Amino acid sequence: MSLRPLSDRILVERVEEDEKTKGGIIIPDTAKEKPAEGKIVATGNGRMGEDGKLLPMDVKIGDRVLFSKYGGTDVKIDGIDYLILRQDDVLGVIE
Amino acid sequence: MSLRPLSDRILVERVEEDEKTKGGIIIPDTAKEKPAEGKIVATGNGRMGEDGKLLPMDVKIGDRVLFSKYGGTDVKIDGIDYLILRQDDVLGVIE
Amino acid sequence: MSLRPLSDRILVERVEEDEKTKGGIIIPDTAKEKPAEGKIVATGNGRMGEDGKLLPMDVKIGDRVLFSKYGGTDVKIDGIDYLILRQDDVLGVIE
Amino acid sequence: MSLRPLSDRILVERVEEDEKTKGGIIIPDTAKEKPAEGKIVATGNGRMGEDGKLLPMDVKIGDRVLFSKYGGTDVKIDGIDYLILRQDDVLGVIE
Amino acid sequence: MSLRPLSDRILVERVEEDEKTKGGIIIPDTAKEKPAEGKIVATGNGRMGEDGKLLPMDVKIGDRVLFSKYGGTDVKIDGIDYLILRQDDVLGVIE
Amino acid sequence: MSLRPLSDRILVERVEEDEKTKGGIIIPDTAKEKPAEGKIVATGNGRMGEDGKLLPMDVKIGDRVLFSKYGGTDVKIDGIDYLILRQDDVLGVIE
Amino acid sequence: MSLRPLSDRILVERVEEDEKTKGGIIIPDTAKEKPAEGKIVATGNGRMGEDGKLLPMDVKIGDRVLFSKYGGTDVKIDGIDYLILRQDDVLGVIE
Chain A
11 MSLRPLSDRI LVERVEEDEK TKGGIIIPDT AKEKPAEGKI VATGNGRMGE
61 DGKLLPMDVK IGDRVLFSKY GGTDVKIDGI DYLILRQDDV LGVIE
Chain B
11 MSLRPLSDRI LVERVEEDEK TKGGIIIPDT AKEKPAEGKI VATGNGRMGE
61 DGKLLPMDVK IGDRVLFSKY GGTDVKIDGI DYLILRQDDV LGVIE
Chain C
11 MSLRPLSDRI LVERVEEDEK TKGGIIIPDT AKEKPAEGKI VATGNGRMGE
61 DGKLLPMDVK IGDRVLFSKY GGTDVKIDGI DYLILRQDDV LGVIE
Chain D
11 MSLRPLSDRI LVERVEEDEK TKGGIIIPDT AKEKPAEGKI VATGNGRMGE
61 DGKLLPMDVK IGDRVLFSKY GGTDVKIDGI DYLILRQDDV LGVIE
Chain E
11 MSLRPLSDRI LVERVEEDEK TKGGIIIPDT AKEKPAEGKI VATGNGRMGE
61 DGKLLPMDVK IGDRVLFSKY GGTDVKIDGI DYLILRQDDV LGVIE
Chain F
11 MSLRPLSDRI LVERVEEDEK TKGGIIIPDT AKEKPAEGKI VATGNGRMGE
61 DGKLLPMDVK IGDRVLFSKY GGTDVKIDGI DYLILRQDDV LGVIE
Chain G
11 MSLRPLSDRI LVERVEEDEK TKGGIIIPDT AKEKPAEGKI VATGNGRMGE
61 DGKLLPMDVK IGDRVLFSKY GGTDVKIDGI DYLILRQDDV LGVIE
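Protein chains in written order, with this note's numbering: chain A, 11 to 105; chain B, 11 to 105; chain C, 11 to 105; chain D, 11 to 105; chain E, 11 to 105; chain F, 11 to 105; chain G, 11 to 105.
Structure, rendered in structure tokens:
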């Protein structure tokens with residue numbers, strides 16, 4: 011069973027603390043707007059512009075992303091916790 | 011008797027708890043913005059763009075969808091409970 | 011004496027409780043945003059887009075409609091109660 | 011002395027209660043958003059679209075109109091009370 | 011010394027009470043949103059549309075105008091009081 | 011060391027009270043929204059429209075301008091006080 | 011490990027107080043909206059316009075920038091503090 015996100019939404023699996031790479035990206039506890047880290051497992055086809063054409067997505071399945079923790083909807087599929095986000099909530103891709 | 015939703019609205023029949031597939035999508039009680047699950051029974055023709063053309067719908071009759079519980083209007087047709095939503099309230103299609 | 015609604019407005023005659031079809035659409039008392047039922051007796055020519063062209067209406071005289079009860083203006087013409095609405099307040103057409 | 015309204019504004023002379031046609035349009039005292047009745051005595055040339063073209067007016071001098079009582083500016087010209095409104099405040103034309 | 015207003019702004023000299031024409035436009039003290047009267051002494055070149063073209067002005071130097079008293083900035087040039095307004099604050103031209 | 015403002019921003023040097031020309035522009039103390047006077051020392055290339063083209067600036071280096079005191083950011087470069095503004099905060103050019 | 015910012019976002023390394031050039035840009039303590047100084051270490055590809063084309067960035071890697079301290083998200087990568095900003099939060103480039 012899987013979920014196809016609509017529009018410019020993505021399905022993100024949270025990255026647990028102990029899975030994070032050493033020396034990698036750390037979000038300081040004192041950060042004003044604390045982002046979270048996750049892996050994209052599904053993406054929508056993109057937002058539809060006013061002329062009916064789809065605006066292509068800038069992220070893809072497998073991308074490790076930092077995203078704003080505001081907005082987003084929690085959902086559990088086959089026992090795993092996911093988050094449904096809009097692409098615009100993604101701050102950047104970890105490379 | 012049936013209802014033809016206008017614009018990008020859809021008519022959704024809620025999926026009851028005991029009808030949900032085992033091992034399927036679970037919305038945790040602790041979710042900040044708890045989505046709901048339903049089946050699309052009717053769709054509008056799509057929102058009209060500023061140039062007068064209809065923007066095609068991205069969901070169709072029969073789709074099982076997750077949707078945001080905010081917004082939406084309850085209505086009972088021939089004894090069955092439905093919800094009228096805008097397509098943008100649909101987070102994703104369950105496949 | 012009649013009223014020609016401007017833009018995408020419609021003139022709606024409310025459907026009284028005892029006129030409603032048996033087994034038809036019922037709006038539950040517990041509905042969060044309770045819609046109302048009515049019959050369209052006049053429509054505007056449509057909203058004007060930014061390029062000066064009229065966006066065609068998606069409803070017509072005689073349509074039975076469900077509409078959001080917020081917005082809208084009450085008016086009595088020749089002793090009958092009507093409501094002036096924008097098309098976007100119409101949730102769907104009863105067929 | 012006269013006033014040429016700018017953009018999509020209109021100059022409206024209020025219709026007094028005792029001038030109203032019998033059996034005509036009555037605005038119930040209980041109406042949530044009570045409209046008012048008036049006669050258009052001057053109109054602007056229309057709102058300018060983003061491409062610099064004027065969007066044509068949908069009302070003309072002499073039209074009897076119902077309009078929302080919110081918005082609008084009172085002004086007295088040569089001893090007569092008028093109201094300056096935007097066309098979008100006009101709900102419909104009485105015919 | 012003079013001031014060239016930018017965009018769709020205009021420079022307006024207020025018309026004092028005793029300069030107003032007899033039998034002319036009077037703004038009742040009871041008016042909800044009381045407009046003011048003035049004479050245009052300078053205008054901008056017009057607002058720039060999204061395509062980089064200037065949208066032409068609908069008022070010119072010398073026009074007597076009614077304008078909304080909200081918004082606008084007071085300024086004194088060579089001892090005379092002026093007001094800097096946007097064209098959209100002008101309700102109409104007195105003719 | 012200098013600053014290149016981005017987009018439609020400008021860098022403005024405030025004009026001190028004792029540098030102002032006699033008989034020039036005075037902003038009355040009673041003004042509701044008191045503007046300030048300054049000289050432009052740097053400008054951006056203009057705001058980018060939705061089609062990717064730059065909208066040309068309507069002010070240039072050396073212009074004496076009146077600007078709204080709201081918005082804007084104070085900055086000191088090589089010991090001199092400047093203000094970074096958007097062009098839309100400029101009310102007019104003093105000529 | 012690095013971060014590719016999405017859309018018109020940039021990754022900025024803050025410039026510490028003791029690294030700032032003498033006689034350079036100083037942000038007064040009394041400034042109403044105090045900007046901060048930083049160096050761009052990564053940029054996105056630009057915001058996507060409504061027609062699906064990318065709007066080119068106006069800053070590049072290596073630029074020293076002043077930016078508004080509101081908005082932005084703190085993140086630490088390989089032990090160094092960064093800030094993720096939108097290009098529109100950049101006031102100007104120090105040259």
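We treat Cβ as the ideally placed atom computed from N, Cα and C, and that holds for glycine. Every value quoted in this text rests on a predicted model; they were computed, and no experiment measured them.
So E60/E contacts chain F; which residues on that side make the cut at Cβ distance below 7 Å?
Indexing the fifth sequence from 1 puts residue 60/E at position 50. Ordered by position in chain F, the residues that pass the 7 Å Cβ test against E60/E are G59 and E60.
Just list the residues that DSSP pairs R14/C with in beta bridges.
The residue given as residue 14/C occupies position 4 in the third sequence. DSSP lists V103/D as partners of R14/C.
Please report the straight-line C-alpha distance between D91/D and K79/E, rounded to a whole angstrom.
One-based indexing of the fourth sequence puts residue 91/D at position 81. One-based indexing of the fifth sequence puts residue 79/E at position 69. One C-alpha to the other measures close to 19 Å.
Just verifying my parser: in three-state terms, what is the DSSP assignment at D98/D?
Locating residue 98/D in the fourth sequence gives position 88, where the first residue counts as 1. D98/D falls in the helix class under three-state DSSP.
Rounded straight-line distance, which links the Cα of Q97/E to that of I20/E:
One-based indexing of the fifth sequence puts residue 20/E at position 10. One-based indexing of the fifth sequence puts residue 97/E at position 87. The alpha-carbon atoms of I20/E and Q97/E are separated by roughly 6 Å.
State the beta-bridge partners of L65/C as determined by DSSP.
If you number the third sequence from 1, residue 65/C lands on position 55. Partner(s): none; L65/C has no beta bridge.
If we ignore side chains and look at the alpha-carbon of each, how far apart do G59/A and G56/G end up?
Translated into the one-based positions of the first sequence, residue 59/A becomes position 49. Translated into the one-based positions of the seventh sequence, residue 56/G becomes position 46. Those two C-alpha atoms are separated by around 17 Å.
Taking only the alpha-carbon atoms, compute the straight-line gap between V75/E and V103/D and give it to the nearest angstrom.
Within the fifth sequence, numbered from 1, the residue matching residue 75/E stands at position 65. Within the fourth sequence, numbered from 1, the residue matching residue 103/D stands at position 93. V103/D has its alpha-carbon roughly 28 Å from the corresponding atom of V75/E.
Checking the sheet assignment: what are the DSSP bridge partners for E60/B?
The sequence position of residue 60/B within the second sequence is 50, counting from 1. Paired residues: none, contrary to the question.
Suppose contacts are defined by Cβ-Cβ distances below 8 Å. Is L83/F in contact with K70/F by that definition?
The residue labelled residue 83/F in the question sits at position 73 within the sixth sequence. The residue labelled residue 70/F in the question sits at position 60 within the sixth sequence. Contrary to the premise, residue 83/F reads as Thr rather than Leu in this sequence. No, the Cβ-Cβ distance between T83/F and K70/F is not below 8 Å.
By the three-class DSSP mapping on this structure, what secondary structure does E26/D have?
What you label residue 26/D is simply residue 16 of the fourth sequence in a count that begins at 1. Three-state result, E26/D: coil.
In this structure, how does DSSP classify I20/B when only helix, strand and coil are distinguished?
Locating residue 20/B in the second sequence gives position 10, where the first residue counts as 1. Here I20/B sits in strand by DSSP.
Residue range of the beta strand (DSSP E) that K79/E falls in?
One-based indexing of the fifth sequence puts residue 79/E at position 69. Neither: K79/E is in no beta strand (DSSP E) and is coded neither H nor E.
So, under 8 Å CB-CB, F77/G and V22/G are touching, yes? Tell me the CB distance rounded to an integer number of Å.
Position 67 of the seventh sequence, counted from the first residue, corresponds to residue 77/G. Position 12 of the seventh sequence, counted from the first residue, corresponds to residue 22/G. 7 Å between Cβ atoms; contact.
Report yes or no: is there a C-beta of chain A within less than 8 Å of the C-beta of R14/G?
Position 4 of the seventh sequence holds residue 14/G. For R14/G, the nearest CB of chain A lies under 8 Å from its own CB, placing it at the interface with that chain.
Nearest-angstrom Cα separation, counted from P45/G out to K86/F
Working through the sixth sequence from its first residue, we reach residue 86/F at position 76. Working through the seventh sequence from its first residue, we reach residue 45/G at position 35. Spanning the two alpha carbons is a distance of roughly 11 Å.
Which partner residues does G72/B have in the DSSP bridge list?
The residue given as residue 72/B occupies position 62 in the second sequence. Note: G72/B sits in no beta bridge, so no partner.
Contact set between I100/A and chain G, taken where Cβ atoms lie within less than 9 Å
Within the first sequence, numbered from 1, the residue matching residue 100/A stands at position 90. What sits at residue 100/A in the sequence shown is Val, not Ile. By Cβ distance, chain G contributes L16 and S17.
For my contact list, E105/A and S17/G are in at a C-beta cut-off of 8 Å; report their separation, rounded to the angstrom.
Numbered from 1 along the first sequence, position 95 holds the residue referred to as residue 105/A. Numbered from 1 along the seventh sequence, position 7 holds the residue referred to as residue 17/G. Contact doesn't hold; Cβ gap of about 16 Å is too wide.
Other residues of its chain near K63/E: CB distance less than 6 Å, five sequence neighbours each side excluded
The sequence position of residue 63/E within the fifth sequence is 53, counting from 1. Excluding residues within five positions, none has a Cβ falling inside 6 Å.
Using a C-beta to C-beta distance shorter than 9 Å, which residues of chain F count as neighbours of I94/E?
For this step, residue 94/E is matched to residue 84 along the fifth sequence. Those within 9 Å of I94/E in chain F are P45, L76, L101 and G102.
Assuming G54/D is part of the beta strand (DSSP E), what are its boundary residues?
Indexing the fourth sequence from 1 puts residue 54/D at position 44. That residue, G54/D, is in no beta strand (DSSP E); it is neither H nor E in DSSP.
Given L65/A as reference, the closest of L101/G, I94/G, D61/G and E47/G once Cα atoms are compared:
Locating residue 65/A in the first sequence gives position 55, counting from the first residue. Checking every option, the nearest Cα to that of L65/A belongs to D61/G.
Please look up how many angstroms separate the CB atoms of I50/F and G72/F, rounded, as I've assumed it's under 8 Å.
Looking up residue 50/F in the sixth sequence gives position 40. Looking up residue 72/F in the sixth sequence gives position 62. Their Cβ separation, rounded to whole angstroms, is 7 Å, which keeps I50/F and G72/F in contact under 8 Å.
Which whole-angstrom value describes the C-beta separation of P15/G and L101/A, a residue pair presumed to lie in contact below a C-beta threshold of 8 Å?
Here residue 15/G corresponds to residue number 5 of the seventh sequence, with the count starting at 1. Here residue 101/A corresponds to residue number 91 of the first sequence, with the count starting at 1. With a Cβ gap of about 7 Å, P15/G and L101/A count as contacting.
Should M11/G be flagged as near chain A, meaning a C-beta pair shorter than 8 Å?
The residue labelled residue 11/G in the question sits at position 1 within the seventh sequence. Chain A contact via Cβ: present.
Is the shortest distance between the beta-carbon of T83/D and the beta-carbons of chain E less than 8 Å?
Within the fourth sequence, numbered from 1, the residue matching residue 83/D stands at position 73. Closer than 8 Å: yes.
Taking the beta carbon of D88/A as the centre, do at least 16 other beta carbons fall within 10 Å, making it buried, or is it exposed?
As a working note, residue 88/A is residue 78 in the first sequence. Classification of D88/A: exposed, given that the 10 Å Cβ count is below 16.
Identify, in the order they occur along the chain, each residue of the same chain with its Cβ nearer than 7 Å to the Cβ of G48/C, setting aside the five sequence neighbours on each side.
Your numbering for residue 48/C matches position 38 in the third sequence. If we look at G48/C and ignore the five residues flanking it on each side, its Cβ neighbours are V22, E23, R24, V25, V75, F77 and L93.
Rounded to whole angstroms, what's the CA-CA distance from D99/D to D68/G? Just pull it up for me.
Here residue 99/D refers to the residue found at position 89 of the fourth sequence. Here residue 68/G refers to the residue found at position 58 of the seventh sequence. If you take the alpha carbons of D99/D and D68/G, they lie about 42 Å apart.
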